[in-house]
Amino acid sequence: MILLCAVIIGLAAGLLRAQIGKRSYRPLVVNQWWLVFLAVIPQLFAFSIPATQSHFNSFWARIILISSQLILLLFIWFNRHELPILIVGAGLMLNLLVIAVNGGWMPMSPETLLKLRPNLAGESIFSGVRVGFGKDFLMNPSATHLWLLSDIFVLPAWFPYRVAFSLGDALVALGMIGVLYTQGSEKKVKEGKNDIQPNIKLE
Amino acid sequence: MKSLFNQVSSYVTRLDGTKIKFILMIVTLALFVIGAGAPDSGGGFIGR
């Protein structure tokens, strides 16, 4: 849920940009928006909603994660006309790649988990265990394929929320901020399905 | 409860195309980041 901060920051930045430029904010024309609902609602049931997440075993949770991210890639394809969306798509692709080559889970090392939860320092933390009902799976770096793309980054200690994230997550967040910030700019005068046409008549 | 329902339905009927597009964009993108990302706070891990 930390990635929702990217939506809030991008929206605030875009609205501010529009306000400074004395123009109205242009909502992005989202093509095939229903694909996102189709992809993410099963994920919410499998990973986020406490009442339902325990009903999904490991097999179905992995199937849902990979298939939903494939659908999200399809959504990116239908909305690929702006650079920030391509950055979001690159992040999603990196996450999907590392998840796919590691058995359907996002790998996290025991060392990273200890950074998030120092109170576990005295306990035995074994790899090969799912982290709660989330998308992460504890794996030693030596046993992780594409380790650099896994959840290896941790927010700084002064940040009030402790979370591990991947390079893909960072790109998704940066791209999303860019998508929403761009909508506060002037109207584009380009031919294209997604572009807003100017209110002028060319003789 | 009825008053709340009336307020919501009144608000919805007053929505124009731009506002609907705006709400749809925010909801879609918020759902997208939830689905595309895989950050983890480690909070669900139960030590042994």
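From first to last, the protein sequence lines stand for chains R and F.
Quick note: the first sequence uses this note's numbering, first residue 1, plus one each step.
Quick note: the second sequence uses this note's numbering, first residue 1001, plus one each step.
Ideal Cβ placement from N, Cα and C applies to all residues, glycine included.
Remember, predicted model here, so these are calculated numbers, not experimental data.
Asked, Found
"Of all Cβ atoms in chain R, is any one closer than 8 Å to the Cβ of F/D1016?", "no"
"Counting only C-beta atoms, is R/P50 closer than 8 Å to chain F at any point?", "no"
"Can you tell me whether DSSP reads R/M108 as helix, strand or coil?", "strand"
"I want to verify the contact list: residues of chain R whose CB lies under 7 Å from the CB of F/T1028, in sequence order.", "V30, W33 and V36"
"Considering only DSSP beta bridges, list what R/F165 is partnered with.", "R/F153"
"Taking Cβ-Cβ distances shorter than 8 Å, what residues in chain F pair up with R/P156?", "In chain order: nothing, as chain F lies at least about 15 Å away."
"In the structure shown, what three-state DSSP assignment does R/R130 receive?", "strand"
"If you follow the alpha helix (DSSP H) that R/L72 is in, where does it begin and where does it stop?", "S58 to F78"
"Determine contact between the segment 68 to 83 of chain R and the segment 150 to 158 of chain R, defined as no fewer than three beta-carbon pairs at a distance below 8 Å.", "no"
"Whole angstroms are fine: how far does the CA of R/N119 sit from the CA of F/G1042?", "12 Å"
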